[in-house]
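Novice: Below is a structure I'd like to ask you about.
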Amino acid sequence: MSDPTPFSTERLIVRHLHTRDVDAMHAVYSDIDAMRWVDDGSPLDRETCVKWIAKTHENYERYGYGMCAIVLKDRTDTNEPIGFIGLVHPHGQALPELKYALRAAHWGKGLATEAARGMLEYGHRTLGLPEIIATIAPENAQSIRVVTKAGMTESSPRIEADGTRTLVYKST
């Protein structure tokens, strides 16, 4: 497994997820606003969050990376995550994909962009990944803004199995 604290930024520490993070992750995954654009948009129950963290640990072993907790540097006393960010391979996809979500209370402060920039730099420089993608619903203007400000560029859109059109952004 790679370093449990992959990187930090001016305001954030991005570290591996731990089983003790389940309540904080459940706070993100049960937030309807935060989950609107994640997977099918449904909030997750606590038991599913436990399984999600276990899957994340499998990804750390398999790829050397996966989802990470986002912690505010000025809140290291609690070390409680305010969200997650990471690189994953959904459905066995070949290219690593950037995924993230923050609790709604932390939106609009540039934290998602700061975390995304850090994760892209970590992926390219530390992990040696030549290309990273992000997939975004065309209606998700906030996420489009986050990835473009983080340096990603729009690529060809793709049509998902359910027929929906998804925008694809890439970082090389």
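The numbering used here applies: residue 406 is where the sequence shown begins, and numbers increase by one.
For every residue, glycine included, the Cβ atom is placed at its ideal position computed from N, Cα and C.
None of these values were measured; they are calculated from a predicted model.
1) Helix, strand or coil for Met557? Go by DSSP, reduced to three states.
2) Measure the C-alpha to C-alpha separation of Met524 and Gly491 and round it to an integer number of angstroms.
3) Across which residues does DSSP place Glu502 in a beta bridge pair?
4) Please go through the same chain and pick out, in chain order, the residues whose beta-carbon is closer than 8 Å to the beta-carbon of Leu534, but skip the five residues on each side of it.
5) Going by CA-CA distance only, name the one from Thr410, Cys473 and Asp436 that's closest to Ser447.
6) Mapping DSSP to helix, strand and coil, what is Lys514?
7) Whole angstroms is fine: what's the gap from Ala506's alpha carbon to Thr558's?
8) May I ask you to report which of helix, strand or coil DSSP gives Val552?
9) Taking only three categories from DSSP, how would you classify His423?
10) Assign Leu532 to one of three DSSP states: helix, strand, or coil.
11) If I follow the unbroken beta strand (DSSP E) through Lys575, where does it start and stop?
12) Report buried or exposed for Met406, applying the criterion of at least 16 other Cβ atoms within 10 angstroms of its Cβ.
13) Strictly by DSSP, which residues pair up with Cys473?
14) For Ser560, collect the residues of the same chain with a Cβ closer than 8 Å to its Cβ; drop the 5 residues on either side in sequence, then sort them by chain order.
15) If we count the other Cβ atoms within 10 Å of its Cβ and call it buried at 16 or more, is Glu452 buried or exposed?
16) For the alpha helix (DSSP H) containing Asn484, list its first residue and its last residue.
17) Check this for me: beta carbons of Val476 and Glu466, under 9 Å apart or not?
Specialist: According to the structure data:
1) The residue labelled residue 557 in the question sits at position 152 within the sequence shown. Coil.
2) To locate residue 524, count along the sequence shown from 1; it is residue 119. To locate residue 491, count along the sequence shown from 1; it is residue 86. Looking at the two C-alpha atoms, the distance is approximately 7 Å.
3) Translated into the one-based positions of the sequence shown, residue 502 becomes position 97. Val493 and Ile538, per the DSSP bridge assignment.
4) Residue 534 sits at position 129 when you count from the first residue of the sequence shown. Excluding sequence neighbours, Leu534 sits near Leu492, Pro501 and Gly528.
5) As a first step, residue 447 must be located in the sequence shown, where it is residue number 42. Ser447 has its Cα closest to that of Asp436, out of Thr410, Cys473 and Asp436.
6) Here residue 514 refers to the residue found at position 109 when the sequence shown is read from its first residue. In the structure shown, Lys514 sits in coil (DSSP, three-state: anything other than H, G, I, E or B).
7) As a first step, residue 506 must be located in the sequence shown, where it is residue number 101. As a first step, residue 558 must be located in the sequence shown, where it is residue number 153. Computed Cα separation, rounded: 20 Å.
8) Working through the sequence shown from its first residue, we reach residue 552 at position 147. In this structure, Val552 counts as helix in the three-state DSSP scheme.
9) Position 18 of the sequence shown holds residue 423. His423 falls in the coil class under three-state DSSP.
10) The sequence position of residue 532 within the sequence shown is 127, counting from 1. Residue state, collapsed to three classes: coil.
11) On the sequence shown, position 170 is the one that residue 575 refers to. Arg570 to Ser576 is the extent of the beta strand (DSSP E) around Lys575.
12) Residue numbering aside, residue 406 sits at position 1 when the sequence shown is read from its first letter. Because Met406 sits at a pLDDT of 46, beneath the cut-off of 50, its placement in the model cannot be relied upon, and the point is left open.
13) Here residue 473 refers to the residue found at position 68 of the sequence shown. Paired residue(s): His421 and Ile490.
14) On the sequence shown, residue 560 is found 155 positions in, with the first residue counted as 1. The answer, listed in chain order, is Ile538, Val573, Tyr574 and Lys575.
15) The residue you call residue 452 lines up with position 47 of the sequence shown. Looking at its Cβ environment, which holds fewer than 16 other Cβ atoms inside 10 Å, Glu452 is exposed.
16) In the sequence shown, residue 484 corresponds to position 79, counting from 1. No alpha helix (DSSP H) holds Asn484; DSSP gives it neither H nor E.
17) Residue numbering aside, residue 476 sits at position 71 when the sequence shown is read from its first letter. Residue numbering aside, residue 466 sits at position 61 when the sequence shown is read from its first letter. Going by C-beta atoms, Val476 is not nearer than 9 Å to Glu466.
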